Amino acid sequence: MSLEKCVSSLLANDVCVLPTETVYGLACSALSVDAIERVYLIKGRPPTNPLIVHVLNHNQASELCVTNKFSKLLANVFWPGPLTFILPKKKCIPLQLTAGLPNVGIRSPSHPLFRSVLKKVKIPLAAPSANPANKLSPTRPLDIVESFGKDCPEILDGGPCELGIESTVLDLTTSVPSILRPGPIGQASIEEVLGFPVNCTSGGKATGSNSGIPKTSPGQETKHYAPDTPLYLYSNINVMLNSKHLKIRHVMVLPHPQVFVNVSKQDPFSLYFSQTGNPLDIAKNLFSTLRKADKLDKEIIHTSLFPDNDELYSALNDRLSRAASVRI
Ligand code: TXA
Ligand code: MG
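For the sequence shown, the working numbering begins at 715 and goes up steadily by one.
Below is the structure:
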């Protein structure tokens, strides 16, 4: 669809799909209860899982939620970009958007098309990832058409998403900020700007000074972002390559083609997350490669966690863990 049509649809409280630098989002006015309810319906999203709001800058965020010195400091460095803050909402944000919670998720996307739309509509836009609930997030327009079929909402085509995984979600409502969802902006980068350690509670695995605190984000449910084919996730690549579970009718997803594979007896089909092994390339292709593996209609997809020596790998491991049916 054209930019003009997209803008008029959103102003008419309609829903359409917009590109962001992370993944595609199913966008609507963040101020219209009708439009918000339609987004939940289209996604099949449980009403307990809140949407996030997209704005142009920290000033616009301050009109919608109670910002603070940490949000200001972090926005100065990371906005526009893939960092979502959880902050106390103001009255103008409907409770339907926050699933009844007093706090709202908010970020400023950097994708030029999304920003052009924000500039033209002059209202904040709610946009969860444009996938049916609990399925893999879409990083290309075709992913959205394939998953919604004839009910597919109109799409503003921005090509493949640059980053490929969803934004980091940072709760700024507690005395010590807490990463609820790891993403492209890593814990160390956030701590460097704030000047003190933050917690990380992703996947229910709490770390930091507040370990053991309960899950506070519905998106932290461990089963999420999953392909239809069962996914076996190994603790590392060698455990996978030596696995007795690998069979001919299976598919194995490796980081890049240079990995030495010697599983000739079982000989599963191989796919690669990237040609280079560069974490940025792997992130960009993570969901699309899992979709490709899913479409092969094999019995099992095998893949392994990335080494924990790169901040981006932690976010990728979080997504793989949520997609996994079996951990080995
Ligand atoms: O990169 C992104 O964040 C993408 C693009 C489209 O912007 N959006 C996205 O939205 O991933 P969604 O709805 O798929 O994920 C938002 C996450 C969910 O895990 C949700 O539970 C959490 O943010 N979240 C939203 N509002 C929250 C709140 N008030 N308190 C706690 N968690 C919240
Ligand atoms: Mg999502």
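Glycine included, C-beta positions come from ideal geometry on N, C-alpha and C. These figures come from a predicted structure and were not determined experimentally.
- Secondary structure remark: continuous beta strand (DSSP E) runs of at least 3 residues inside the segment 860-905, in chain order: 882-885, 892-895.
- The segment 961-1007 contains no complete alpha helix (DSSP H) run of 4 or more residues.
- Judged by the Cβ position, residue 903 fails to qualify as a neighbour of ligand 1 at the 7 Å threshold, every heavy atom of the ligand being at least this far.
- Taking the C-beta atoms as reference points, residue 867 is found nearer than 8 Å to residue 756.
- Counting along the chain, residue 952 sits inside no beta strand (DSSP E); it lies in the alpha helix (DSSP H) bounded by residues 951-955.
- Around the beta carbon of residue 1001, 16 or more other beta carbons lie within 10 angstroms, which makes this residue buried.
- The residue from 943, 901, 807 with its alpha-carbon nearest to that of residue 1025 is 901.
- Approximately 18 Å separates the beta-carbon atoms of residue 841 and residue 762; this is outside 8 Å, ruling out the contact.
- Sorting 793, 1029, 820 by C-alpha distance to the C-alpha of residue 886 places 820 at the top.
- Uninterrupted alpha helix (DSSP H) stretches at least 4 residues long and entirely within the segment 751-808 occur at 772-778, 783-792, given in chain order.
- Not a single heavy atom of ligand 2 lies less than 7 Å from the C-beta of residue 735.
- Residue pairing from DSSP places residue 839 in a beta bridge opposite 743, 768.
- Annotation: the continuous alpha helix (DSSP H) that includes residue 1031 extends over 1025-1037.
- Here residue 1017 is bridged, per DSSP, to 947, 967.
- Here the alpha carbons of residue 764 and residue 809 stand approximately 9 Å from one another.
- Distances from the CA of residue 774 to each of 760, 794, 758 were compared; the closest alpha carbon is that of 794.
- With a 10 Å radius around the Cβ and a threshold of 16 neighbouring Cβ atoms, residue 910 comes out exposed.
- Excluding residues up to 5 positions away in sequence, 1008 lie with their Cβ nearer than 7 Å to the Cβ of residue 942 in the same chain.
- For residue 1041, the three-state secondary structure derived from DSSP is strand.
- The DSSP-derived three-state label of residue 940 is strand.
- The three-state reading of DSSP puts residue 721 in helix, counting H, G and I together.
- For residue 821, the enclosing beta strand (DSSP E) begins and ends at 817-821.
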